[in-house]
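Undergrad: First the structure, then my questions, so here it is.
Residue numbers (my numbering), protein chains in the order written: chain C, 345 to 637; chain E, 112 to 310.
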């Protein structure tokens, strides 16, 4: 098989893995939340979620009917020979996965108001590129649901407020979102850069597994503080009240303009879907998040 | 947190017994309806036209399901709830006109619906958002689909369900609303969180 078709096939496979089976760290976090939830009602919701996750795996059905907007993260080795053909392969893969998995068609034109029916369109699937040394290609599929996307928020706070301003903005965002993003959620928080950079790193922070603490102890401390604060709100699973409003908070940061202090909060529903694979130039594939049966 | 198994058609006095935080499972007939189907049903009612099914004692589910057709038979693949607040515009009139007894969705509903439920006798059952496969498992049979011209998600699907749940009674027929109560508590907690963070 030529490497271009291989990229396409692998992309279809990781889309399938992502929408049907949650990554192990997310499942573990949901199980832990179920064990530790103190509200009876909250517990019923987490139990239903776990039952649903198990049924989806058993029947090979997408875990939620909203299979999201299709986003890819690509770490492309600068020496990989097919760099120019990856985009086309990912578009083809998205169309195929829409039929084969199936995915719900979620791509609507702004001016045509028409659904393209195959999850592609202007800027969709959206591809985040990173050029890295070497000749491997690492693909991550990140289907993002609409309910949680609708409560993402960007704040341009006053630099003088500093980290206190960041904390307030995150807490206020969680409270304003309430039941809407299908809690328990995962929060990606991006601080600094510019408006676009903050949101980009906030969303990319959602790719870090929940069982992987931040390498920087100071940021790890902030993450823990925000996690505890969000879980003090009492919103709870599905907004019905309880201890678990979030499963985790991942923070990333960028240097900023002295006059600007952007804070972005990317909100992820409990169906935190992602799957990755690495393609080597000899055609071997290593699946990084899911076991392939 | 009492657990009840209800069979459709559900009599009004039975839903009036339910209290917030009770858990219910429904067996019998339910329909799916989102914004467009609610709107059309109410237009029919105003014009004195009959809608395709008598809804008295049944449940309406805010849901746009994924349904597949094989050998002329429909099967529900995934059917999680959609956000109910969009139906706040219609629901009190809908309950009054068609006498549905349970409204199912996610995220809760507002004051107007809470009042309507109290007045006309209905409850809101919250189904876990995203639990689309669990919902589909309880849907044993697609009896028919009406108003398919509205599109698959917006059509009125008439479904036979068995032990559909858990549904948390989040609005009862006595004017209680769990989501409003949680919101009030969250507001109180906001100050405590600010204090703890040293803000």
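No residue lacks a Cβ here, since even glycine has one placed at the ideal position from N, Cα and C. Here the structure is a predicted model, which means the values were calculated and not measured.
Below 8 Å on the Cβ atoms is my contact criterion, and I expect residue 441 of chain C with residue 447 of chain C to pass it. Report the Cβ-Cβ distance as a whole number of Å.
TA: So it is a contact: roughly 6 Å between Cβ atoms.
Undergrad: Rounded to the nearest angstrom, how far is the Cβ of residue 521 of chain C from that of residue 495 of chain C, given a contact under 8 Å?
TA: Confirmed, about 4 Å.
Undergrad: Assuming residue 597 of chain C is part of the beta strand (DSSP E), what are its boundary residues?
TA: Counting along the chain, the beta strand (DSSP E) containing residue 597 of chain C begins and ends at 590-600.
Undergrad: Cα separation between residue 312 of chain C and residue 467 of chain C?
TA: Residue 312 of chain C falls outside the range modelled here, since chain C spans only 345 to 637, and no answer is possible.
Undergrad: Using a Cβ-Cβ cutoff of 8 Å, what residues of the stretch 203-233 of chain E are near chain C? List them in chain order.
TA: Within the stretch 203-233 of chain E, the qualifying residues are 217, 218 and 219.
Undergrad: Is the Cβ of residue 613 of chain C closer than 8 Å to any Cβ of chain E?
TA: Chain E, which has a Cβ nearer than 8 Å to the Cβ of residue 613 of chain C, makes this yes.
Undergrad: Do residue 194 of chain E and residue 218 of chain E count as a contact pair if the criterion is CB distance below 8 Å?
TA: Yes.
Undergrad: Please state the DSSP three-state secondary structure of residue 489 of chain C.
TA: Coil.
Undergrad: Does the Cβ of residue 230 of chain E have 16 or more other Cβ atoms within 10 Å, making it buried, or fewer, making it exposed?
TA: By the 10 Å Cβ count, residue 230 of chain E comes out exposed.
Undergrad: What residue ranges within the stretch 443-498 of chain C form continuous beta strand (DSSP E) runs of no fewer than 3 residues, ordered along the chain?
TA: As far as the stretch 443-498 of chain C is concerned, its whole beta strand (DSSP E) runs of at least 3 residues are 470-476 and 481-488.
Undergrad: Pairing CB atoms from the stretch 485-502 of chain C with CB atoms from the stretch 572-591 of chain C, are three or more of them under 8 Å?
TA: No: fewer than three Cβ pairs fall under 8 Å.
Undergrad: Looking at the strands, I want to know which residues DSSP matches up with residue 279 of chain E.
TA: According to DSSP, which records beta bridges pairwise, residue 279 of chain E is partnered with E/134 and E/237.
Undergrad: Note the first and the last residue of the continuous alpha helix (DSSP H) segment covering residue 290 of chain E.
TA: 289-307 is the span of the alpha helix (DSSP H), which, as asked, contains residue 290 of chain E.
Undergrad: So is residue 180 of chain E in contact with chain D if we call contact Cβ pairs under 8 Å?
TA: Given the protein chain composition of this structure (C and E), no chain D is represented.
Undergrad: Measuring CB atoms only, is the stretch 359-366 of chain C touching the stretch 376-388 of chain C, in the sense that at least three cross pairs come out at less than 8 Å?
TA: Cβ pair count under 8 Å is below three, so no.
Undergrad: Anything in chain E within Cβ reach of residue 407 of chain C, meaning under 8 Å, just list it in chain order.
TA: Near residue 407 of chain C (Cβ distances below 8 Å), the residues of chain E are 241, 243 and 244.
Undergrad: With distances taken from CA atoms, which of C/432, C/398 and C/545 is nearest residue 596 of chain C?
TA: Ranking the options by Cα distance to residue 596 of chain C, first place goes to C/545.
Undergrad: Residue 165 of chain E by DSSP, collapsed to three states: which one?
TA: Residue state, collapsed to three classes: coil.
Undergrad: On the CB-based measure, 16 or more other CB atoms within 10 Å of its CB, does residue 122 of chain E come out buried or exposed?
TA: It counts as exposed.
Undergrad: Within 8 Å of any Cβ in chain C, is that where the Cβ of residue 155 of chain E sits?
TA: Not closer than 8 Å to any Cβ of chain C, the Cβ of residue 155 of chain E fails to qualify, so no.
Undergrad: Could you tell me which chain E residues have their CB closer than 9 Å to the CB of residue 491 of chain C, listed as they occur along the chain?
TA: What residue 491 of chain C touches in chain E: 193, 194, 217, 218, 240 and 241.
Undergrad: Specify the secondary structure class of residue 358 of chain C as computed by DSSP and reduced to three states.
TA: Of the three classes helix, strand and coil, the one that applies to residue 358 of chain C here is helix, per DSSP.
Undergrad: Write down the C-beta distance between residue 274 of chain E and residue 119 of chain E rounded to the nearest angstrom, noting that I regard them as a contact closer than 8 Å.
TA: With 8 Å as the limit, residue 274 of chain E and residue 119 of chain E do not qualify as a contact, their Cβ atoms being about 12 Å apart.
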